[in-house]
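The block underneath contains the structure these notes are about, expressed in C-alpha cells.
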Amino acid sequence: MVASTFLVLVGSFSTYISTLKFSTSPPSLKLVTQTASGEAPSWLTQSPYDPAIIYATDEVPDGHLNSLVLNRRSGKLVKVDSISTNGIHPTHIGAVLDGNTLGVANYHGSSLFTASLKPDHLHFIPPGHMTFYNGSGPAPQQVDGSHPHQVLKNGNEAVVMDLGTDKIWRMVQNRTGDWVVRDHIDQKPGSGPRHGVIVDSTLYTLCELSNNLTQHTFPPLGLGKPKLVASQSIRPLDTTPDAPLAAAELLYADGPSALLYASNRNDPHPQGDAITIFETRPKLQAVKYVRTGLNYIRGMNFVGPRKEYIIAAGMNGGGIKVFQVVSPARGYLSEVAHLPNGTIAQPSSFVWTQWL
Numbered sequence: 001m002v003a004s005t006f007l008v009l010v011g012s013f014s015t016y017i018s019t020l021k022f023s024t025s026p027p028s029l030k031l032v033t034q035t036a037s038g039e040a041p042s043w044l045t046q047s048p049y050d051p052a053i054i055y056a057t058d059e060v061p062d063g064h065l066n067s068l069v070l071n072r073r074s075g076k077l078v079k080v081d082s083i084s085t086n087g088i089h090p091t092h093i094g095a096v097l098d099g100n101t102l103g104v105a106n107y108h109g110s111s112l113f114t115a116s117l118k119p120d121h122l123h124f125i126p127p128g129h130m131t132f133y134n135g136s137g138p139a140p141q142q143v144d145g146s147h148p149h150q151v152l153k154n155g156n157e158a159v160v161m162d163l164g165t166d167k168i169w170r171m172v173q174n175r176t177g178d179w180v181v182r183d184h185i186d187q188k189p190g191s192g193p194r195h196g197v198i199v200d201s202t203l204y205t206l207c208e209l210s211n212n213l214t215q216h217t218f219p220p221l222g223l224g225k226p227k228l229v230a231s232q233s234i235r236p237l238d239t240t241p242d243a244p245l246a247a248a249e250l251l252y253a254d255g256p257s258a259l260l261y262a263s264n265r266n267d268p269h270p271q272g273d274a275i276t277i278f279e280t281r282p283k284l285q286a287v288k289y290v291r292t293g294l295n296y297i298r299g300m301n302f303v304g305p306r307k308e309y310i311i312a313a314g315m316n317g318g319g320i321k322v323f324q325v326v327s328p329a330r331g332y333l334s335e336v337a338h339l340p341n342g343t344i345a346q347p348s349s350f351v352w353t354q355w356l
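Here the sequence shown is numbered in the numbering used here, starting from 1 and rising by one per residue.
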C-alpha cells in the first residue's frame, strides 16, 4: 500500500472543529489545529465540487448552517457564511439535487430546511425553504413528535430519515421550489430510523431505538412501493440483553461481499462499543462484531479514496481510533492509530481530504 497522509476534520459538541493529520506509514494520528465555528458544529459535510469547502451545523436551539474553507496544507479553516435553519438542533446536512442545494434535518424542529448555494458554493441564498412533518411514535424519545435525523440524495429526491415518526420521507421539489412529500416508508413502530444508505435500488436503514438494520427494495417514485426484504439486529452476541444500546452510524463499501458497518453506542462491555459488520451478498447477515475500546460511538466515517480505513470516536471516552480495513481472515478491521481520550471534546462526525 502506498503511504498517504490525510487531513481529517472532526465535528463536535464543543465550539470548534478540529483538524487531525493521519499518516498511513508508519500509522499516526495527530491534532494539527482547531477552528472556532459557532456552537456545537456536530455534523460536517463536504461540497461535492470541492473537498476544501466544508458545511457545518450549529446543533443548538437557534440552529444555523455554516460554510467554511479549508487550507489543505495548514489544516486551518476560515468561516465564510451562515444562515439560520429556522429550526432547533439541526443534526445532519445532505447535499441534494446537483449539490448546489443543502438539506438540513432539524431534529427538534420537526422540519427539513433547504438552502440553495451561490455559484461559489460558499454563500447561501436566503431565506431557504421549510417542510414540516407531523406524527409521533410510541417510544419515550418519540412522543413529542417528528425528529428528522438525516437527509440523503437519491437522484432528484431528498430522502429524510425521521426517528420520531418511524417513517422515511421521499421528497421532491415542486415548481415553486418547495420540497413536498411524495411517498414514505413505514418502519416498525418504536424503531426510530436514524441513518441510511442507498445502493442502486436498495435502501438500508439503521434504526437507533430498536438497534436493528433493515433492507428495503427502493424503486423509483411511481414504479412500485418499497418492500421489506430483511431486518437484522446489530447487537453484539456477547452484550447483555438489557443493555440500553443506541445505533448511530452506517457505512457501506462495495466489493465481493459488499459490506455494511453499523456502530453501536452505550455498550457496558469492558471492551467498549462494537462495530457490527454485515455482508449484503448473497443476503444481509452479520459476520463480525469488532470491539473498539470506544465509549458511545456517534461519529464514524471512511478515510481514503478506496475506503481503506475507518475512523471512529468515543464521544464519552476512549478517544479517536483509526482502523484499517483488512481481510475477513484478519478480522475485518485492525486498529492502527489512536488519539488519546480528552484531546478533542465530544467528537461527533468526520470528513477527510488529501493533505497537500
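Even glycine gets a Cβ: it sits at the ideal position worked out from N, Cα and C.
query	result
Nearest to P140 (by Cα), restricted to the options G190, G272, G99, T205	G190
Buried/exposed call for L221, threshold 16 Cβ in 10 Å	exposed
Beta-carbon gap between L77 and L65 smaller than 7 Å	no
Of the residues G38, M161, K167, S4, the one placed nearest T24, counting alpha carbons only	S4
Span separating the alpha-carbon of F236 from that of N264	Looking at the sequence itself, residue 236 is Pro, so the reference to Phe does not match. Spanning the two alpha carbons is a distance of roughly 9 Å.
Closest Cα partner of N86 within the set G94, A95, G63	G63
Buried or exposed by the 16-neighbour rule on C-beta atoms within 10 Å, applied to A56	buried
Y261 vs I275 beta-carbon contact at 7 Å	yes
Unbroken beta strand (DSSP E) run spanning G103, endpoints	101-106
Alpha carbon of D178 to alpha carbon of H216, nearest angstrom	27 Å
Bridge-paired residues (DSSP) for I125	S116
Among L339, W43, R73, the one whose alpha carbon lies nearest that of V60	W43
Proximity of V151 and A105 at Cβ, strictly below 7 Å	yes
Neighbour-count burial assignment, R298, 16 or more Cβ in a 10 Å radius	buried
Residues that DSSP places opposite H65 in a beta bridge	Looking at the sequence itself, residue 65 is Leu, so the reference to His does not match. T57, I83, per the DSSP bridge assignment.
Residue burial classification, S47 (beta-carbon count within 10 angstroms, cutoff 16)	buried
Reduced DSSP category for P226 - H, G, I as helix; E, B as strand; rest coil	coil
Same chain, Cβ closer than 7 Å to Q271, neighbours up to 5 away in sequence not counted	R291, G293
CB of L245 within 7 Å of CB of N211, strictly	yes
Option in R330, V180, A313, S349 with minimal Cα separation from P340	A313
Where the beta strand (DSSP E) containing D436 begins and where it ends	This structure cannot settle anything about residue 436, because the visible part of the chain is limited to 1 through 356.
Nearest candidate by alpha-carbon position, reference H147, set D186, P193, H129	P193
Candidates S201, H338, F6, of which the one nearest L223 by Cα	S201
Nearest neighbour of L327, chosen from V287, T35, P119, D186 [CA to CA]	Checking the sequence shown, residue 327 turns out to be Ser, not Leu. The option with the nearest alpha carbon to S327 is V287.
Outcome for T176 when other beta-carbon atoms lying within 10 angstroms are tallied against a minimum of 16	exposed
Own chain residues within Cβ distance below 6 Å of P26, not counting five before or after	none
N- and C-terminal bounds of the beta strand (DSSP E) containing G196	193-199
Which listed residue (T280, Y289, K283) has its alpha carbon closest to that of D273	Y289
H269 versus L250 - alpha carbon distance	21 Å
7 Å Cβ cutoff met for W355 and V303	no
Short Cβ contact (7 Å threshold) for S348 with G11	yes
Span of the beta strand (DSSP E) around I234	Note, I234: premise wrong, no beta strand (DSSP E); not H, not E.
Helix, strand or coil at P27 according to DSSP, with G and I counted as helix	strand
For S349, the residue or residues it bridges with in DSSP	G11
Rounded separation between S231 and D50 - CA only	37 Å
Burial state of A329 (16 or more Cβ within 10 Å)	exposed
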